[in-house]
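Each step along the sequence shown adds one to the number in our numbering, with nothing skipped, and position 93 is 136.
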Amino acid sequence: MSKVHLPYPINDKSIIAKYDEPAKYELIPTEPLKAEYTPIGEKIDVQEGINCYITGSKDSKAGIIYFYDVGGYSDSIFQQADILAKHGYRVIIPNIWANERSVIELLDDE
Numbered sequence: 044m045s046k047v048h049l050p051y052p053i054n055d056k057s058i059i060a061k062y063d064e065p066a067k068y069e070l071i072p073t074e075p076l077k078a079e080y081t082p083i084g085e086k087i088d089v090q091e092g093i094n095c096y097i098t099g100s101k102d103s104k105a106g107i108i109y110f111y112d113v114g115g116y117s118d119s120i121f122q123q124a125d126i127l128a129k130h131g132y133r134v135i136i137p138n139i140w141a142n143e144r145s146v147i148e149l150l151d152d153e
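In structure tokens:
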């Protein structure tokens, strides 16, 4: 059994992650992303101005809510979700930034 102390900022030594057995699920093989890609999922409107990208079978036994990074709600993110979907997951990506990229001012040194 492996014991791992969780990294900063969770540095309380009383919290230990234990791995008694190997993962039950197979690893998802990686594949290179394509520069030109057409998403295979669909976008649905949740409310005015907010939508979600959904991909994968409705019969999937596991789902993933995918929160994208500062790069934005884009075909490359949809492609990553489609890769997960090909391996049996139902993936939902909420458009949390409403089609805007992150605000550069938030990355200031201060």
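Idealized CB from N, CA, C, for every residue including glycine. Keep in mind it's a predicted model, so treat the numbers as computed, not measured.
How is the alpha helix (DSSP H) around residue i delimited, first residue to last?
i: Lys129; result: Asp118 to Lys129
Which value, in whole angstroms, describes the spacing of the CA atoms of residue i and residue j?
i: Ile108; j: Glu85; result: 15 Å
i: Phe121; j: Glu64; result: 32 Å
i: His48; j: Glu91; result: Residue placement at His48 is flagged as unreliable, the pLDDT there being 49, under the threshold of 50; the coordinate-derived value follows with that caveat. Straight-line Cα distance between these residues: approximately 44 Å.
i: Tyr96; j: Gly106; result: 13 Å
i: Asn138; j: Asp118; result: 13 Å
i: Lys74; j: Ile83; result: At residue 74 the sequence reads Glu, which differs from the Lys that was named. Rounded to the nearest angstrom, the two C-alpha atoms are 16 Å apart.
i: Ile87; j: Trp140; result: 15 Å
i: Lys101; j: Ala78; result: 28 Å
i: Phe110; j: Ile93; result: 14 Å
i: Gln123; j: Leu76; result: 8 Å
i: Val89; j: Asp125; result: 20 Å
i: Glu69; j: Tyr132; result: 12 Å
Considering residue i, what are the terminal residues of the beta strand (DSSP E) in which it resides?
i: Ile108; result: Ala105 to Ile108
Could you name the residues that DSSP lists as bridge partners for residue i?
i: Tyr96; result: Lys86 and Ile136
Could you check which residue in the options has the C-alpha nearest to that of residue i?
i: Ile71; options: Leu127, Trp140 and Asp118; result: Leu127
i: Lys154; options: Thr81, Ser103, Asn94 and Ile136; result: Outside the modelled stretch of the chain, which goes from 44 to 153, sits residue 154, for which no answer is possible.
Use the C-beta contact count for residue i: other C-beta atoms within 10 angstroms, 16 or more gives buried, fewer gives exposed.
i: Gly114; result: exposed
i: Val134; result: buried
i: Asp112; result: exposed
i: Thr98; result: buried
i: Ala66; result: exposed
For chain B, is any of its Cβ atoms less than 8 Å away from the one on residue i?
i: Gly106; result: Here there is only one protein chain, and chain B is not present.
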